[in-house]
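Take a look at the structure set out below.
Number of protein chains: 2
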Amino acid sequence: MGFRNRSIQLMGASKTHIYNQSHITLAMAAKVLSHPARVAILQYISKQDNCICNDLVDIIGLSQPTISQHLNEIKKIGVLKGDYQGKNLCYCIDKGKWEELQVIFNEFFVKINHNCC
Amino acid sequence: MGFRNRSIQLMGASKTHIYNQSHITLAMAAKVLSHPARVAILQYISKQDNCICNDLVDIIGLSQPTISQHLNEIKKIGVLKGDYQGKNLCYCIDKGKWEELQVIFNEFFVKINHNCC
DNA sequence: TTATATTATCGTAATATTGCAATATTACTT
DNA sequence: AAGTAATATTGCAATATTACGATAATATAA
């Protein structure tokens, strides 16, 4: 009781039954990328040679709880690996999952038909 | 409770926080794709040989005002062209804008560093 | 013009997202 | 065990999104 589900809900009050799995999968991934803070977090991680540890709050400029929440959303689609190294929790990209996502987006874009108008 | 000292803003300690344009552009595009109805709409259009005209309500299964709203969101990033043909407003993908988006997403995915963990 | 069909907008309710202060938890160090 | 630093969770306010009924606007045809 009193528990609030603070995770990002994909569809609000929409009719979930009419969409197929590929629609939902792409939409969930896109939702993670739909906030500039999360894009910035992923891009920052991607530029480091190693895992990033606890400098995201200073880099992004949001509060620690907010960064923590955004990291949680990113983790939900599995693209982040995190391990404690000393007293810092260090994140980096999960290569396999990332490439999976890349394929999903790329196929979506490639399949669009341009022979029109 | 280990708070970090960031409540005092020193002069010259400029906050690098502001999202850059590439973060915002990607996030805006991702937001459009972050609802399965919009993914389904785009995918349906992509499968047609010509523009699609006024059958989206039946195909997607949402009300006409809701479909209209979703189309508006998609149009905001410029990937839809619409023209009246007879009494129907017919939509199709704007090829140039679509390929632009494809590049933005692809570059984002490609630039991720995997040499870690 | 009037009727009909299609699309857009308005109003509004339900739900989701975002952000942060306060607090709790976790991991390490001494 | 106590202290310190990093991260997670809770609670809540402000805002945004989603959906749809009612209604307005638009385009064509009769």
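As they're listed, the protein sequences go chains A and B. Those letters in the first sequence? Residues 112 to 228, by my numbering. Those letters in the second sequence? Residues 112 to 228, by my numbering. A virtual CB, placed ideally from N, CA and C, is assigned to each residue, including glycine. Here the structure is a predicted model, which means the values were calculated and not measured.
Taking residue i and residue j to be in contact with their CB atoms under 8 Å, please state how far apart those CB atoms are, rounded to whole angstroms.
{"i": "residue 181 (chain B)", "j": "residue 148 (chain B)", "result": "5 Å"}
{"i": "residue 185 (chain A)", "j": "residue 152 (chain A)", "result": "7 Å"}
Under a three-way DSSP split, which group does residue i fall into?
{"i": "residue 134 (chain B)", "result": "helix"}
{"i": "residue 223 (chain B)", "result": "coil"}
{"i": "residue 144 (chain B)", "result": "coil"}
{"i": "residue 129 (chain B)", "result": "coil"}
{"i": "residue 149 (chain A)", "result": "helix"}
Could you tell me whether the Cβ atoms of residue i and residue j are closer together than 7 Å?
{"i": "residue 142 (chain A)", "j": "residue 145 (chain B)", "result": "yes"}
{"i": "residue 201 (chain B)", "j": "residue 192 (chain B)", "result": "no"}
{"i": "residue 168 (chain A)", "j": "residue 156 (chain A)", "result": "no"}
{"i": "residue 189 (chain B)", "j": "residue 129 (chain A)", "result": "no"}
Checklist entry - Can you list, in chain order, the stretches of the beta strand (DSSP E) that have 3 or more residues and sit fully within the region 155-212 of chain B? => result 191-196, 199-204
Next on the checklist: Within 8 Å, do at least three Cβ pairs link the region 205-223 of chain A to the region 209-224 of chain B?
Outcome noted: yes
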